[in-house]
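Participant: Those letters in the sequence shown? Residues 305 to 961, by this note's numbering. Where a beta carbon is used, it is the ideal one built from N, C-alpha and C, also for glycine. Mind having a look at this structure? Questions to follow.
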Amino acid sequence: MALAAPGGFFAFGIRRIEIVQVRLRKPNYKPPLSRANKIPREDAGYGITDGNIAAIDFGTTSVSLAYTTKGDDQVSTFILDPEDKSTRVPNAVLLKKEGGKIIVEAFGSIARSQFTVMRKKDHSSCQYIYFERIKMLMKREKSVDRNTRVESFSGEKYYLVEVIAFILKYLKDQLIDHFERTVKPLKTTDFDWVITVPAIWNARGKRMMREAAYMAGLMTEIDGISSFTHVALPVPKEINPDKLSLALEPEAAALYSQEIVGDQIKSDPGTSIIPRPSDYMVIDAGGGTIDITAHIEVDNGIVVENIPTGNAWGGTQVNEALSQFLQRIVGDPEFKTFLHTEKRSQHMAALNNMLYNEFEKQKILFGQQKSNVIAINLPKMFAKHYEEALAKGVKNMPGVEYDEDMDDTLFIEKDVAESQLFGPAIKGIIDCTLKAIEENGYKVYTFYLVGGFGGCKYVHEKVSAAIEKAYGSKGRSCSIIVPPTPQLAVATGAAMWRKNPEKIKARRSDATYGIGVSIPFDEEKHDEYYKFYHDEQKENKCGEVFSVFLEKGELAKSNEVINASITPSRQSFTNMLFEIYSTPDLGIQYIKDKNGKSTVAVIGQLVIDIPNPDNLPREKRIVDVTMDFSGTEIQAKAKYRITGKEVKTVCDFLSAQ
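Written out as structure tokens, the structure reads:
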């Protein structure tokens, strides 16, 4: 139970929790003109389960799949590459047009390898479609919707959500095929499915993953997507929506890390690294994003103490830095002369293999401090195309050497690799981490560094030094831990989370959310500019009011939901449509300024059917709208107050706004 406490804090169990939104308020802050109410939750949300769980870590650069079966306390990771027994593979898919359908020809490293060595006639036949790292389109600042398209390596564009669906379908088929060969075969619907998403994603990105899962048939016995839609992508039918949940990546990694530390203490208390912490911060440094979360444990649960924090300085930024570095050497921005030819697809394949396969191996060796020099074998066609430019460009680059007699190898010395390639990404991680620590008030003393990039020895060394220096300046000490198999922490932790989602007692809102309403005009509170006369209601109203559901930094507790009572503005209306808004600011009172410019961003729509067969008067047609912000997705439902019947409510976060 949470009780008010003085000084910008409130009591949560035996802990004092900061009222963050008070600290975030600027001197010119104005309170909301309209505010929804918080009421106790009636339903349980995603419940505790000891059943079958499958968790997909759909990363920017890599994918992994973890699972656990009924009665088994252990979480296992699934082998996705039978050739090298790898449980984490590149997020790369090779599709093939076959008999009017689209099939997954290969996935992961195998897909990349097949595409790289594909013959010229196969590249030009348009029979094969190759995608890689498509999740990079879904950064928080990107406005994705249902019609967002992604370009394949051969230049054709397809709906992003459908490409994701093909990958999810492949993963589902692989897992189910595995269990069909076991003593006790399991079907798709025997599993509760989990897909991981960055905590810094907004509602649009999360909704896209859910709709892709519907298309993939992830929660049904239906086969799933088998072709691309050319125009007018429809909204997918929702079947068994409660069989899918989205887990936030840093939260999943936190649960995994805590479990590992707890197991170490149980097995051998004398050799455990640290006592099991009750307050800790997780830095999830993956291929695409940096995601940071701070947890405190209270009342046998977890409160997520910080607002979702992160940026896009993941490991792929190092690969991108190499690309920019090579562009400067050859003097060809975006490799235009190399890619804008009739062999574009082949050249793209060769360039991609160099940047994300050959260089990735060198990046790992350098990151693990097993090599002081990065040596990259340039593709033959690349070296031939830029033959003169390479020789000339390298001469002007200290610390760089090119030897065409050694398989066209480019050597990059340690100092150059650190400053030009790794440096920007490391700075991005450190800046984001120190900001999160500052906002947290140096209240945690244990840090878990996870993710494929976070588990790199070089990254650990640099980030640890920065954190320890910051704490040292305060006269304090701290521990920075990389748990075993940090690259699998998210997938494994996601399965752990689904066993008991109720363990997360509260999360911080990442933004201020609300809807636009009209309310009776109050001369003392409202601006005259927004005043209008409503002819049917026969009273002055204040329009464009931002009715706030939740303020940025406010705790959304798992045992509470937001309730707003709404009536239609006109008697003839049989449905209501509200646009759902968000803003990173506090103190916004109106959804538009006096110049008609929006002060908030549209993130979705709330559509409510309000049939009126009994011809009730407008003022009696009260609908109680319940919004739940405590989970990983925004959920909504609505009921007629008079009948108590639930009415159709759709949160549409993917329609183009």
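Could you say which of 913, 519 and 551 lies nearest to residue 798 if we only look at CA atoms?
Facilitator: 551
Participant: Residue 596 and residue 609 look like a contact to me (Cβ under 8 Å); what is the Cβ gap, rounded to whole Å?
Facilitator: That belief does not hold up - the Cβ atoms of residue 596 and residue 609 are roughly 11 Å apart, past 8 Å.
Participant: So residue 384 and residue 373 are in contact, right, with Cβ under 8 Å, and what is the actual spacing, rounded?
Facilitator: Actually they do not touch by this definition, with Cβ atoms about 18 Å apart.
Participant: CB residue 803 to CB residue 526, shorter than 9 Å?
Facilitator: For residue 803 and residue 526, no; Cβs fall outside 9 Å.
Participant: Determine the contact status of residue 441 and residue 464, defining contact as a CB-CB distance below 9 Å.
Facilitator: The answer is yes: Cβ separation under 9 Å.
Participant: Spell out a yes or no on whether the region 804-815 and the region 852-864 are touching, meaning 3 or more CB-CB pairs, one atom from each, closer than 8 Å.
Facilitator: The region 804-815 vs the region 852-864: in contact.
Participant: Going by CA-CA distance only, name the one from 831, 519, 894 and 560 that's closest to residue 379.
Facilitator: 560
Participant: Does the region 578-591 come close enough to the region 684-691 to have 3 or more Cβ pairs within less than 8 Å?
Facilitator: no
Participant: Return the first residue and the last residue of the beta strand (DSSP E) that residue 928 is part of.
Facilitator: Counted as a single uninterrupted DSSP element, the beta strand (DSSP E) harbouring residue 928 occupies residues 927-932.
Participant: Hey, out of 354, 366, 345 and 324, whose CA is closest to residue 791's CA?
Facilitator: Cα-wise, what sits closest to residue 791 is 366.
Participant: Measuring CA to CA, which of 656, 496 and 479 is closest to residue 489?
Facilitator: It is 479.
Participant: Rounded to whole angstroms, what's the CA-CA distance from residue 832 to residue 335? Just pull it up for me.
Facilitator: 18 Å
Participant: Quick check on this structure: which residue in 482, 333, 424 and 399 has the alpha carbon closest to the alpha carbon of residue 386?
Facilitator: 482
Participant: In this structure, does DSSP put residue 320 in helix, strand or coil?
Facilitator: Strand, per DSSP.
Participant: Could you check whether the region 691-709 touches the region 753-762, counting it as contact only if at least three pairs of C-beta atoms, one from each stretch, sit closer than 8 Å?
Facilitator: no
Participant: Secondary structure at residue 736, three-state DSSP: helix, strand or coil?
Facilitator: helix
Participant: Could you check whether residue 751 and residue 671 sit closer than 9 Å to each other, using their CB atoms as the reference points?
Facilitator: no
Participant: Residue 590 by DSSP, collapsed to three states: which one?
Facilitator: coil
Participant: In angstroms with no decimal places, state the Cα-to-Cα distance between residue 381 and residue 368.
Facilitator: 7 Å
Participant: Quick one: what does DSSP say residue 644 is sitting in, helix, strand or coil?
Facilitator: coil
Participant: In the DSSP assignment, the beta strand (DSSP E) including residue 747 goes from what residue to what residue?
Facilitator: Taken as a continuous stretch (DSSP letters only), residue 747 belongs to no beta strand (DSSP E), as it is neither H nor E.
Participant: Quick check on the DSSP output: the alpha helix (DSSP H) that includes residue 461 runs from which residue to which?
Facilitator: No alpha helix (DSSP H) holds residue 461; the beta strand (DSSP E) holding it covers 461-463.
Participant: Locate the alpha helix (DSSP H) running through residue 689, then write down its first and last residues.
Facilitator: Element bounds for residue 689: 684-689.
Participant: Grab the span of the beta strand (DSSP E) containing residue 941 for me, first residue to last.
Facilitator: 939-944
Participant: Can you tell me which of 362, 755, 623 and 932 puts its alpha carbon nearest to the alpha carbon of residue 497?
Facilitator: Each of 362, 755, 623 and 932 was checked against the Cα of residue 497, and the nearest Cα belongs to 362.
Participant: Just to confirm the assignment: which complete beta strand (DSSP E) runs, minimum length 3, are found wholly within the region 395-456?
Facilitator: 396-402, 405-411, 432-436 and 453-455
Participant: On a Cα-Cα basis, can you pick out the residue from 333, 909 and 412 that is closest to residue 819?
Facilitator: 909
Participant: Where do the ends of the alpha helix (DSSP H) carrying residue 355 lie?
Facilitator: Where residue 355 is concerned, there is no enclosing alpha helix (DSSP H), given that its DSSP letter is neither H nor E.
Participant: In whole angstroms, what separates the C-alpha of residue 516 from that of residue 466?
Facilitator: 6 Å
Participant: Using C-beta distances below 7 Å, list every residue in its chain close to residue 649, excluding the 5 sequence neighbours before and after it, in chain order.
Facilitator: 427, 457 and 458
Participant: Which two residues bound the contiguous beta strand (DSSP E) that contains residue 809?
Facilitator: 808-812
Participant: Would you tell me roughly how many angstroms separate the C-alpha atoms of residue 310 and residue 748, rounded to the nearest one?
Facilitator: Note that residue 310 scores 38 on pLDDT, short of 50, meaning its location in the model is unreliable and no value can be drawn from it.
Participant: Tell me the rounded alpha-carbon separation between residue 842 and residue 904.
Facilitator: 29 Å
Participant: Quick check on residue 506: buried or exposed, where buried means 16 or more other Cβ atoms within 10 Å of its Cβ?
Facilitator: buried
Participant: Looking only at C-alpha atoms, which of 925, 844 and 931 sits nearest to residue 868?
Facilitator: 931
Participant: Distance check for residue 911 and residue 539, CA to CA, integer angstroms please.
Facilitator: Taking the CA atoms as reference points, residue 539 sits about 14 Å from residue 911.
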